[in-house]
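Numbering (the working numbering), first residue to last: 1188 to 1468.
Think of the CB as a built atom: it goes at the ideal place given N, C-alpha and C, for glycine as much as any other residue.
In this text the structure is predicted, and so the values were computed from the model without any measurement.
One structure below.
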């Protein structure tokens, strides 16, 4: 067998002009500096609306035109490859074994394979380019037109527990969507003194137990710990979080001491009986 030759790109597909760089140029929105130069932020916001809509229309119209050109060229080359394959002798299974030993037919088949390979590569490359250009559009345009994170007002009521009316500590979310402190929601369900992980404790909560806020039953079995919300609360309210953590540790220490005392109380009759037995014998 001769050396394996790397297939060369199809000239018909190679000469297609995609012009994706022109689309990227259309994705440059008006900057805040330009708006300030044109008369302050208010004038910039007023000028951003029609200019942004016009640029977006131009972008999508250009994108649709490019997609039509690419799709037309791909369909043309794909149908040409399929037609050539149907006319070849390799479509007949009975002649496949004989055609392998014919150099011309084998060379023709290699050209068909190269055509099919470059058609697939052409389609994948354009699909990747289309995804990238749309991703860049969403990143630039939607971010510029949407509300900024710094401009969003902080709603401190969402970070407060509806039961204790304080900043939530170790927040958990029920199936209904309401959030509470871990200790508060367990006490509301009657499992305030239960020991163990949160998932193991809520698995024993009866289904008839209702949400403390919306009174919806069967909301404890799928409850989850909101660790990311807890990190946010700890970052925004470090003093309140540290105080709640200290109170929680004191409560856990008191619960452990109470459990130890109850255990010792249960063993005291046995110890008393053993001491009496030693005195008698």
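With contacts defined by Cβ atoms closer than 8 Å, residue 1378 and residue 1350 do not form a contacting pair. In this structure, the beta-carbon distance from residue 1410 to residue 1397 does not fall below 8 Å. By the neighbour-count criterion, in which 16 or more other beta carbons inside 10 Å mark a residue as buried, residue 1348 falls on the buried side. Around the Cβ of residue 1315, a 10 Å sphere holds fewer than 16 other Cβ atoms; the residue is exposed. In this structure, residue 1427 sits near residue 1354, with a CB-CB distance shorter than 8 Å. Cβ-Cβ distances below 8 Å link residue 1267 to 1302 in the same chain, with the five nearest sequence neighbours on each side left out; the list follows chain order. DSSP places residue 1367 outside any alpha helix (DSSP H); the residue lies instead in the beta strand (DSSP E), whose first and last residues are 1366 to 1368.
According to DSSP, residue 1354 shares a beta bridge with 1347.
By the neighbour-count definition (other C-beta atoms within 10 Å, threshold 16), residue 1313 is a buried residue. Excluding its 5 nearest sequence neighbours in each direction, residue 1300 has no C-beta neighbour in its own chain below 7 Å. By the Cβ-count criterion, residue 1369 is buried, with 16 or more other Cβ atoms from all chains shown falling within 10 Å of its own Cβ. Taking residue 1438 as the centre and dropping the five residues before and after it, the same chain places the C-beta of 1370 closer than 8 Å to its C-beta, in chain order.
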